[in-house]
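Chemist: Position one of the sequence shown corresponds to residue 72 (the working numbering), numbered consecutively onward.
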Amino acid sequence: FGPDGPFGSKTVLFERVRLVSRRAGFLRIEGDGHSRPDLARLSLILRTRTNRFQQNPYGFYSLGNLRTRLYQLNLLPNNSPRWAEALFHDANREDEADRKADAVQCYDQALSFIPEFSSASYNRGLIFLEIGIFEAAIESFDLALKSRPTHGNSWNNRGNALHELGRLPEAIQSFTEAIKCSPQSAEFYHNRANSIYGIGDLEAALADLEAAITLRPEGSHYYVARGNIIFEKGLLSEALHNFELGLTFDP
72 FGPDGPFGSK
82 TVLFERVRLV
92 SRRAGFLRIE
102 GDGHSRPDLA
112 RLSLILRTRT
122 NRFQQNPYGF
132 YSLGNLRTRL
142 YQLNLLPNNS
152 PRWAEALFHD
162 ANREDEADRK
172 ADAVQCYDQA
182 LSFIPEFSSA
192 SYNRGLIFLE
202 IGIFEAAIES
212 FDLALKSRPT
222 HGNSWNNRGN
232 ALHELGRLPE
242 AIQSFTEAIK
252 CSPQSAEFYH
262 NRANSIYGIG
272 DLEAALADLE
282 AAITLRPEGS
292 HYYVARGNII
302 FEKGLLSEAL
312 HNFELGLTFD
322 P
């Protein structure tokens, strides 16, 4: 096997949260990244267009730190939910543009307005998980779960972070909670099987892989993982059969 055992590269189920909004775009700030917008002018524009702003706060597109600066200077109406959602959209755009640090900053600022904004803490956790800052990822997922304790993806990706840190019993428990929230998710069973395999319980890992295959028979990597464990048990022909099944779905 490779360095990750029979499961190959660790599977991470990313599912970012998006908020749907209309995109009127009444103000767009452009520049070379060095110039500073005139805060007084921006304030005047926003104050004279309050009604439209209230109807669509997402149209005001700028860097998240500008939004926060305007708010701190009392140049904008005190409307934390709308600012938090606007910052959330900024963060998603920064993330999609692969500007991870800027995205994290925007999520942080959104959470400074609404600490229980679970979508922001969850998406921030995904970034930390993706770039390998696992302790911070766990903290973000824990924060998301405080206000949304039945969010299966938060439990699952928390488990992924714990697995990467080698905290396998905790990872297994987190995946178990994910399965309780979303018992029809084959990937949650697969991820728990990976951690169970890590503690040496081959039979329990195989049972979870069986559950994953039952839920999603076309998942080729489930057959490969099962085949590798069966191969480790010395059942060569059965292992070969599983590899062939995997190739059937992903040649």
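All C-beta atoms, glycine included, are put in the ideal place defined by N, C-alpha and C.
Does the distance from the C-beta atom of residue 243 to that of residue 270 stay below 9 Å?
Modeler: Yes, these two residues count as a Cβ contact at 9 Å.
Chemist: Tell me whether residue 300 is buried or exposed, calling it buried when 16 or more other Cβ atoms sit within 10 Å of its Cβ.
Modeler: Answer is buried; the Cβ neighbour count reaches 16.
Chemist: Using the three-state DSSP reduction, which class does residue 284 fall into: helix, strand or coil?
Modeler: Three-state DSSP puts residue 284 in a helix.
Chemist: Ordered along the chain, which non-local residues of its own chain (more than five positions away) have a Cβ less than 6 Å from that of residue 264?
Modeler: Once the five neighbours on either side are set aside, the close Cβ partners of residue 264 are 276, 279, 280.
Chemist: Could you name each continuous alpha helix (DSSP H) segment of 4 residues or more that falls completely within the segment 257-302, going from the start of the chain to the end?
Modeler: You should have 257-269, 273-286.
Chemist: How many angstroms separate the CA atom of residue 161 from the CA atom of residue 172?
Modeler: Straight-line Cα distance between these residues: approximately 12 Å.
Chemist: By Cβ distance below 7 Å, which residues in the same chain neighbour residue 165 in space, the five residues on each side in sequence not counted?
Modeler: Result list for residue 165: 173, 174, 177, in chain order.
Chemist: Between 224, 274, 241, 320, which has its C-alpha nearest residue 256's C-alpha?
Modeler: Nearest option by C-alpha distance: 224.
Chemist: Does the distance from the CB of residue 191 to the CB of residue 181 come in under 9 Å?
Modeler: Contact: yes.
Chemist: Can you tell me which of the three DSSP states residue 170 falls into?
Modeler: Three-state DSSP puts residue 170 in coil, outside helix and strand.
Chemist: The alpha helix (DSSP H) that contains residue 204, what's its start and end?
Modeler: From DSSP, residue 204 is part of no alpha helix (DSSP H); its letter is neither H nor E.
Chemist: Compute the Euclidean distance between the alpha carbons of residue 246 and residue 298, then round it to the nearest angstrom.
Modeler: Roughly 22 Å between the two C-alpha positions.
Chemist: Secondary structure at residue 185, three-state DSSP: helix, strand or coil?
Modeler: Three-state DSSP puts residue 185 in coil, outside helix and strand.
Chemist: Rounded to the nearest angstrom, what separates residue 272 and residue 211 at their Cα positions?
Modeler: Whole-angstrom Cα-Cα distance: 30 Å.
Chemist: Can you list, in chain order, the residues of its chain whose CB lies under 6 Å from that of residue 236, leaving out five sequence neighbours each side?
Modeler: Excluding residues within five positions, the ones whose Cβ falls inside 6 Å are 205.
Chemist: Could you check if residue 293 belongs to the surroundings of the ligand NAP, using beta carbon to heavy atom distance under 8 Å?
Modeler: Among the components of this structure there are no ligands whatsoever, and the ligand NAP is therefore not found.
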